[in-house]
Amino acid sequence: MQESIFIGRKRELQELSRFLKKRSASLIVVQGRRRIGKSRLIREFSKNMQTLTFSGIPPTEKTTSKDQLFEFGWQLGKALGTSPFKEDDWNDLFLRLAHHTREGRVIIVLDEISWMGSKDHNFLGKLKNAWDLHFKNNPELILIICGSASAWIEKNILSNAGFLGRISFTLTLEELPLNECQQFWAARNSHLSTYEKFKILSVTGGVPLYLEEIDFQKPAEENIKDLCFKKGGLLVREFEQIFSDLFSRRSNQYKSIVQCLADGPLEYRDISKKLGVSTSGLLSEYLFDLTKSGFVSRDYTWHLNSGKPSPVSHYRLKDNYLRFYLKYIDPNLSEIEKNSYIIKSMSSLPGWSTILGFQFENLVLNNREFIQKKLNLRPENIVSENPFFQHATKRQPGCQIDYLIQTRFNTLFACEIKFSRQEIKAEIIQEMERKLDNLTKPRGFSCFPTLIHVNGVHDSVIDSNYFSEIIDFCQIMEDRYRLII
């Protein structure tokens, strides 16, 4: 079966291509959310080179370390055109692989590394030794370690003293940015309107596999119904599969945390209180895992006087599919599985406008580089940028800014990210004025209110000249600003 046309990832391919010019072997880690396109990217990068790819098998309660060994031996035999190798020690298998890759340009890919090594506590130590003693002796060899269990990779490889100084590069794959989503639409001759595309992205985000399932001959809502509300639809059971693969028997605990965040960002203590659990190390570990897996963002605020990060942070559900699943698929799963769940339109879903607001905010924050470009801000001039919040104290009121950018020129760009089905009216000015009145700004700082919208603004907002910049996110989606990153 022929693969679909490869779209985007130009920056990532350039990063990987740097290592083809090295005169020594390279050990590279590629990680990111499941379905984000890690394996596809590696295939594109290595398509004209000798490549040996191995993948672990999904672990179950009955999977043993020998099962992983035998699977690797079978894959190695197939790759080398021989019968399966039946060694019962990783040292022997790695030695065989190293012998066949000792010369010339060759790429070795160990995919789903956490599965491969999940049942053998000596696996990573033996891999490290194989790298030191054998693999790195070929100056043209690139060993790529790949996996979706980013938290496992962080704990067991990136933070492992055994791999210290050995990893040449770590590539964390994020959702496709908007300009590459636009290339995706164009390559498929999509005639969907920009707002239709926005509705799709509010469910799928920029996850390549989900976008590939879109039928561009159908309206957005029909696609969403097919994927999310029909028995057998790709996104009906996707959540359970992802969480089961990544978190196994603890998947329900992780699910309860993301359910807490589906209604908006929360601080650590608020998550603990909402779940009715202690602020223990276990909750911190779960939040770390969700953050590293690409589902949750930990957004730190900062001190405006110094520009230095504050220890205070909010956890935000950054994955649009997860929120959509938790709010609309999961509560209706039994009816969906019977093909008896019927919705008239997306707008009839309970709280849809509010949820769209969260999804829109995610799309903006996941594509913040485009906002910075539109504001003519160079990265080297930005001191800090993130969702911003200040706690209420006796001396100051509480305040929250959807997206705040602080520059080294003592300027603040306060961005209001506003979703509305209709044109945004003049009330938005009073809302923003209240926020900025509550914001404790250092003396001598200038503040430029900025509005980011998706469905137009009323003439009264434009005529007021209150906002220093009004950014139409639909135009960014259409690439009208030509803000190629």
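Mapped onto my numbering, the consecutive letters of the sequence shown carry residue numbers 852 to 1336.
From the three backbone atoms N, C-alpha and C, an ideal C-beta is built for every residue, glycine too.
Inter-residue spacing [alpha-carbon to alpha-carbon] between residue i and residue j
| i | j | result |
| --- | --- | --- |
| HIS1304 | PHE1067 | 25 Å |
| GLU1072 | LEU1112 | 25 Å |
| THR911 | LEU1168 | 28 Å |
| ILE995 | LEU944 | 17 Å |
| PHE1098 | SER965 | 11 Å |
| LYS1143 | SER1315 | 43 Å |
| SER1010 | ILE1004 | 8 Å |
| GLY859 | PHE1035 | 8 Å |
| GLU1047 | LYS913 | 46 Å |
| LEU978 | HIS972 | 11 Å |
| LEU1126 | VAL1109 | 11 Å |
| LEU948 | ASN980 | 13 Å |
| PHE1318 | PRO1300 | 5 Å |
| PHE1014 | PHE905 | 20 Å |
| LEU1255 | GLU863 | 27 Å |
| GLY976 | ASP983 | 11 Å |
| LYS1124 | PRO1162 | 19 Å |
| PHE974 | GLY888 | 26 Å |
| ALA1012 | LEU927 | 28 Å |
| GLU1063 | ASN1213 | 21 Å |
| ARG1246 | GLU963 | 52 Å |
| ILE1321 | LEU878 | 45 Å |
| LEU1146 | LEU1200 | Leu is not the amino acid found at residue 1146; the sequence shown has Phe there. PHE1146 and LEU1200: Cα-Cα distance of roughly 23 Å. |
| ASP940 | LEU1085 | 38 Å |
| LYS1276 | ALA1000 | 45 Å |
| PHE921 | ALA930 | 14 Å |
| ILE1279 | PRO1116 | 22 Å |
Proximity to residue i [Cα-Cα], best of the options
| i | options | result |
| --- | --- | --- |
| ARG1356 | SER916, THR952, VAL960 and ARG953 | Residue 1356 lies beyond the range of the chain shown here (852 to 1336); nothing can be said about it. |
| ASN989 | LYS1159, THR952 and THR915 | THR952 |
| CYS1325 | PRO1201, ASP1077 and LEU1052 | LEU1052 |
| PHE1211 | THR1055, HIS1042, LYS987 and ALA1000 | THR1055 |
| GLY1307 | LEU1216, PHE921 and SER1271 | SER1271 |
| LEU1290 | CYS1250, ALA1277 and VAL1312 | CYS1250 |
| PRO1070 | GLU1091, THR1045 and GLN1092 | THR1045 |
| LYS1106 | GLU991, LEU1173, LYS929 and ALA1243 | LEU1173 |
| GLY907 | LYS1224, PRO1248, GLY998 and GLN1257 | GLY998 |
| ASP1253 | LEU1287, LYS1225 and PRO1230 | LEU1287 |
| GLU1091 | LEU1200, LEU1177 and ASP962 | LEU1177 |
| THR1152 | GLU866, GLU922 and VAL1234 | VAL1234 |
| LEU867 | LEU1085, LEU1216 and LEU1024 | LEU1024 |
| TYR1061 | ALA1038, GLU1026 and ASN1232 | GLU1026 |
| TYR1179 | ILE1206, LEU946 and LEU931 | ILE1206 |
| PRO1230 | GLN1257, THR1244 and ALA876 | GLN1257 |
| ILE1075 | ILE1322, ALA1000, THR1244 and MET1197 | MET1197 |
| LYS937 | LEU1228, ASP1114 and PHE923 | PHE923 |
| SER969 | PHE986, ASN1007, ASN1227 and HIS1242 | ASN1007 |
| GLN1104 | LYS1292, GLU1278 and LEU1134 | LEU1134 |
| ASN1217 | ALA1243, ILE1268 and LYS1195 | ILE1268 |
| PRO1339 | GLU1278, GLN1281, GLU1274 and ARG886 | Shown here, the chain extends from 852 to 1336; a query on residue 1339 therefore has no answer. |
| ARG956 | LYS873, THR1130 and ASP1310 | LYS873 |
| ALA1038 | PHE1049, PHE1094 and ILE1065 | ILE1065 |
| MET967 | TYR1166, THR915 and GLY932 | THR915 |
| LEU992 | ASP1150, PRO935, ASN1040 and LEU903 | LEU903 |
DSSP-derived helix/strand/coil call for residue i
| i | result |
| --- | --- |
| ASN1237 | strand |
| HIS1345 | Here the chain covers residues 852 to 1336 and nothing more, so residue 1345 does not appear. |
| ASP918 | helix |
| LYS1269 | strand |
| GLY1013 | helix |
| ILE908 | coil |
| ASP940 | coil |
| ILE1222 | helix |
| ILE858 | coil |
| THR1130 | coil |
| ILE1336 | Because the pLDDT of ILE1336 is 45, which lies under 50, any placement of that residue in the model is unreliable, and the question is left without a value. |
| ASP983 | helix |
| ILE887 | coil |
| GLN1210 | helix |
| GLN1247 | coil |
| MET852 | Caution is warranted here: a pLDDT of 49 is assigned to MET852, below 50, making its placement in the model unreliable, and the coordinate value is therefore given only provisionally. Of the three classes helix, strand and coil, the one that applies to MET852 here is coil, per DSSP. |
Worksheet item: In chain order, which continuous runs of the alpha helix (DSSP H) of length 4 or greater are located wholly inside the region 1072-1123?
Response: Fully enclosed alpha helix (DSSP H) runs of 4 or longer: 1089-1098 and 1102-1112.
Worksheet item: What are the start and end residues of each continuous alpha helix (DSSP H) run of 4 or more residues lying completely inside the region 1276-1331, in chain order?
Response: At a cut-off of 4 residues, the continuous stretches assigned as alpha helix (DSSP H) that sit fully inside the region 1276-1331 are 1278-1289, 1310-1315 and 1324-1328.
Worksheet item: If we count Cβ pairs, one from each stretch, closer than 8 Å, do we get three or more for the region 1132-1152 versus the region 1184-1198?
Response: Put simply, the region 1132-1152 does not touch the region 1184-1198. Fewer than three CB pairs are less than 8 Å apart.
Worksheet item: Do the region 1015-1035 and the region 1152-1168 make contact, defined as three or more Cβ pairs closer than 8 Å?
Response: With the cut-off at 8 Å, the region 1015-1035 and the region 1152-1168 do not touch.
Worksheet item: With a cut-off of 8 Å, do at least 3 Cβ pairs link the region 1292-1299 to the region 1254-1268?
Response: Yes, the region 1292-1299 is in contact with the region 1254-1268.
Fill in: Completely contained alpha helix (DSSP H) runs for the region 1037-1076, where each covers 4 or more residues
Within the region 1037-1076, the complete alpha helix (DSSP H) segments at least 4 residues long are 1045-1055 and 1059-1063, listed from N- to C-terminus.
Discussion item. Check whether the region 1077-1087 and the region 1176-1188 are in contact - that is, three or more C-beta pairs closer than 8 Å.
Written reply: Touching, per the Cβ criterion.
Worksheet item: Where in the region 1152-1196 do unbroken runs of the alpha helix (DSSP H), each at least 4 residues long, occur, reported from the N-terminal end onward?
Response: The alpha helix (DSSP H) runs lying completely inside the region 1152-1196 and spanning 4 residues or more are 1171-1175 and 1184-1188, given in chain order.
Discussion item. Under 8 Å, with one C-beta from each stretch per pair, do the region 857-871 and the region 894-901 reach the 3-pair mark?
Written reply: The region 857-871, when compared against the region 894-901, does touch it at the 8 Å Cβ threshold.
Discussion item. Below 8 Å, how does it come out for the region 1025-1039 and the region 1217-1237: are there three or more Cβ pairs, yes or no?
Written reply: The region 1025-1039 vs the region 1217-1237: in contact.
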